Amino acid sequence: MLLVPETDFGTPASRAKTQVTLTIDGREITVPEGTSIMRASMEAGIQVPKLCATDMVDAFGSCRLCLIEIEGRNGTPASCTTPVAPGLVVHTQTARLKDIRKGVMELYISDHPLDCLTCAANGDCELQDMAGAVGLRDVRYGYDGDNHVKTRAGEGLNARWMPKDESNPYFTYDPSKCIVCSRCVRACEEVQGTFALTIEGRGFDSRVSPGQHEDFLSSECVSCGACVQACPTATLTEKSVIAIGQPEHSVVTTCAYCGVGCSFKAEMRGEELVRMVPWKDGQANRGHSCVKGRFAYGYSTHKERILNPMIREKVTDPWREVSWEEALAHTAAEFRRIQYQYGRESIGGITSSRCTNEETYLVQKLIRAGFGNNNVDTCARVCHSPTGYGLGQAFGTSAGTQNFDSVEETDVVIIIGANPTDGHPVFGSRLKKRLRQGARLIVIDPRRIDLVRSPHIEAAYHLPLRPGTNVAVATALAHVIVTEGLCDEEFIRTRCDWSEFEDWAGFVAEERHSPEATEALTGVPADDLRGAARLFATGGNGSIYYGLGVTEHSQGSTTVMAIANLAMATGNIGRPGVGVNPLRGQNNVQGSCDMGSFPHELPGYRHVSDDATRDIFEKLWGVTLSDEPGLRIPNMLDAAVEGSFKGLYIQGEDILQSDPDTKHVAAGLAAMECIVVQDLFLNETANYAHVFLPGSTFLEKDGTFTNAERRINRVRRVMTPRNGYADWEVTQNLARAMGLAWSYTHPSEIMDEIAATTPSFAKVSYAYLEEKGSVQWPCNEKAPEGSPIMHVDGFVRGKGKFIRTEYVATDEKTGPRFPLLLTTGRILSQYNVGAQTRRTENVVWHEEDRLEIHPHDAELRGIRDGDWVRLASRSGDTTLRALITDRVATGVVYTTFHHPTTQANVITTDFSDWATNCPEYKVTAVQISPSNGPSEWQTEYEDQARQSRRIIGKLEAAE
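Numbered per the working numbering, the sequence shown spans residues 35 to 993.
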């Protein structure tokens, strides 16, 4: 096994359709118009020396190594900035060019440290490679005189020398090795879009600088790693490479954080991970990454990871380590006992959106075939279940319509209830690039997210709606489009049910839905809303991207349908650059839904009451399946409190921290007799567990993830599972202990079973994924190459369905006791409940959850920035520190939920979406007041958690 090769063509590919033929070094070459001569040469196998050029950024032409000669033209132009032209005759290697290149390289080396043998980039240094390529053998200028290399100059200090910047936890910046090629600066600008780096000084004094001569940690740098990846020397180097050395082999796999599904090369030495490098051929990320996927993998070897199975009789007992055999036998016996005592429906399970498709499929199979019921649910219940319902009703399928590449062809983007630069940062970077190219942006969010205004981009409209009024805003947008005659009538008549459209159009046209009528309700100025509606309807290709700020409401499903209405009314479905796109929160939340993790659906979104669908699985599994939908997660907890639900198998989810109304979740868990948690760490839910089965990381397993664009990507094992088994093997062993004769030997066999039973996956296999790299479902005989764009020739359901979306105010009201509205979200450096990212160096950016509060609201309450405050609702209270900011409007406060010491969900209520029970996280009436310390509940919770994490013979296992 060797390093996965990647060719750097020097400049980006041209998308032109016109072809141009020229001659390079005697070879006739045909390439698209606009291609650089450097890239054309590389495509023909001719490598022109370069230092400032790389195909991840636009040509720059500063290093003067890539010079060429063109017959009939004077001079020696740079091949990276010179486009091809018909009939050109190019020479890349002449005596004149060799002399120039050698002279240029001498200048570089004369001001560069000569510590190649001990340099961390030895073996992976383009400067070293190019010195060899141009035939440099000596440096005539010597190494004395002005330089940036030596700490001293004669008798005094060298003012040009700068110490190494070690502030960033993941990489170092060594100014003495910088050749000022500007690749890092351009990567930060063009790829990431943060503009955190610049070249300070002029001439010989030029140097790369984060911000205004700050260190990297203090600057605006978001640690995406693009600069490190672009650097041709050891100037920017991963600390892991410095500590371990250069990798000797690599494996392409898929990131296990958000729903973007970035492809990475896991670069290894033996079974030690050296670094994660974004893979250029990854079709979701196109060679880019964020701080989490690029660097935050240290949790896999963290000291707090649990590697041995454990059991205990009562949750007040300390844990006792046991063998796998004893743990699984004990679990099987307990589940059998509970079902015998309380009935078949008394146990259930929760699948993981962080595990693979194959693992999720096995968990739901275990519950249906082994437990004999449909009591299975997944984390999508508390995030994107309204997406499944709403899009299913409107379009006939429960997923987004586009691939991520589609954003490159959009003209107007609506971002509603999402914060891509924090929650889905690689997509956020791609969106920002399109906005810098001229696309227009409409942000609908109570909070001023970064996309509203950041370097070189600004939203055309920011509609800061009052939390809970999404439906009113979406319907008001539709009112403007309908009443001003901006609908795409041809699309609607051809693709949608006209009579349903007429009914819907009459509904939204009512005066009570006008921007003027809804302004008092939503807080959005009518003129701004009208302008946004006109822009979306008339601005060209219109796309809508939304997140949990849409779904996590009592009318989440209604808002999803309202969004679908807007897309259909304007004809923005079925081609690149348009569509309705849910930004999924976890790496495989789409896949967990696809695999049948809902209590009413078998794999492929087919209802359990359908006889033909059940027959497929009954024949294959050799069991009789229940035709009654099972319990959702909230129903399981309610039934546990009532005394009828007693056992739960939870794979890779932490419902005590992630689900709403924490006190009710705790009460439900405490009422059960056997809770089995399968995870990497003793998470918060494990405080109430009776069996702990150690899980495996994405680095330790084979499988597939399905990202937010329905892309099925391979996950490849790069190291042996530290706990002894991959998660699919643990589930299979539990099934065997319960009497099921499962005999899978590899996850590919599970995928073959999925393909045989699920029409949308019919053509998917590991061999096919190896051939194609990745595919987007549906992938079957009708769509053998997959489906990058959905609903191209017609909707899955036939005709698109317009649905009335009546605004119904949430039951969660503000009042004298609780006058503020709390909404929640994520931050860039942390992920979900933080179990992974809190065990990495990412904590330097987010040590604790903070409460964002407007200066006016803070002043009224005597709160200063950094003060401890009590955050109270009808459900409970907690304490955290205040962050005074005008990002939030008056009357609105905001916090994250990454740290269990805060337990933000003790505040949230049990109100939920009318169709799916998705919790209303985004609207909670609260009051803020000064505080002197932890709440009583926090103190009690911490004591209980400490007691629960004791392990016999070991120190307390910290969470």
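Note that CB positions come from ideal geometry on N, CA and C, so glycine has one too. Owing to the predicted nature of the structure, the values given are computational and were not obtained by experimental measurement.
With respect to the C-alpha of A290, the residue from G279, R320, A268 and Y333 having the closest C-alpha is Y333.
By alpha-carbon distance to D522, the top candidate from V486, V926, N575 and G316 is N575.
The beta carbon of A769 lies closer than 6 Å to those of L400, G404 and W776 in the same chain, with the five residues before and after it left out. Sequence-distant Cβ neighbours of A869 in its own chain, meaning closer than 6 Å and more than five residues away, are F715 and N717.
The C-alpha of G462 is placed about 22 Å away from the C-alpha of M824.
Cβ neighbours of I134 within its own chain (closer than 8 Å, five residues either side excluded): R98, L101 and T110. Around the Cβ of F238, a 10 Å sphere holds fewer than 16 other Cβ atoms; the residue is exposed. At the C-beta level, I515 and A603 come within 8 Å of one another. In the DSSP assignment, G613 falls within the beta strand (DSSP E) that extends over G613 to P616. By the criterion of a C-beta distance shorter than 8 Å, I491 is surrounded in its chain by G227, K466, L469, R470, L475 and L485, once the five residues flanking it on both sides are discounted. For G235, the number of other beta carbons within 10 angstroms of its own is below 16, and it is reported as exposed. Per DSSP, reduced to three states, the secondary structure at K84 is coil, with no helix or strand assignment. Going by DSSP, V275 is part of the alpha helix (DSSP H) stretching over K273 to I278.
Residue pairing for F726: DSSP places it in a beta bridge opposite M344 and V711. Straight through space, the alpha carbons of V558 and G590 are spaced by roughly 19 Å. With a 10 Å radius around the Cβ and a threshold of 16 neighbouring Cβ atoms, N767 comes out buried. The stretch 517 to 532 and the stretch 593 to 608 touch, with three or more beta-carbon pairs separated by less than 8 Å. Just measuring C-alpha positions, the residue of S240, H283, V311 and R241 sitting nearest E272 is V311. When L231, Q691, N407 and S577 are compared, the shortest CA-CA separation from N866 is found for Q691. Annotated as proximal: G293 and L617, with beta-carbon spacing under 8 Å. In the assembly as shown, E189 is an exposed residue. Its beta-carbon has fewer than 16 other beta-carbons within 10 Å.
Here DSSP, grouped into helix, strand and coil, assigns K299 to strand. Inclusion of Q961 and F852 in the CB contact set at 8 Å is warranted, their separation being smaller than that value.
A straight-line Cα-Cα distance of about 8 Å links F429 and A598. Annotation for D911: the continuous beta strand (DSSP E) segment containing it runs D911 to I918.
Bounds of the alpha helix (DSSP H) holding A508 are N504 to T517. Inter-segment contact for the stretch 790 to 809 and the stretch 728 to 748 is present: three or more beta-carbon pairs are separated by less than 8 Å. Collapsing the DSSP output to three states places M310 in a strand. Under DSSP, the beta-bridge partners assigned to L191 are R186.
Three or more Cβ pairs closer than 8 Å define a contact, and the stretch 270 to 286 meets that threshold against the stretch 299 to 308. Its chain contains I372, Y376, S380, M706 and E707 as the residues whose beta carbon lies nearer than 6 Å to that of K680, once the 5 sequence neighbours on both sides are disregarded; these appear in chain order. Non-local beta-carbon contacts of D172 in its own chain, meaning distances under 7 Å to residues more than five positions away in sequence, are absent. Under the DSSP assignment, P549 falls outside any beta strand (DSSP E), being part of the alpha helix (DSSP H) whose first and last residues are P549 to T556. Bounds of the beta strand (DSSP E) holding W902 are W902 to A906. Spatial neighbours of I526 in its own chain (CB-CB distance under 6 Å, excluding positions within 5 residues in sequence) are listed in chain order as F535. Following the DSSP letters along the chain, one finds I58 inside the beta strand (DSSP E) bounded by residues Q53 to I58.
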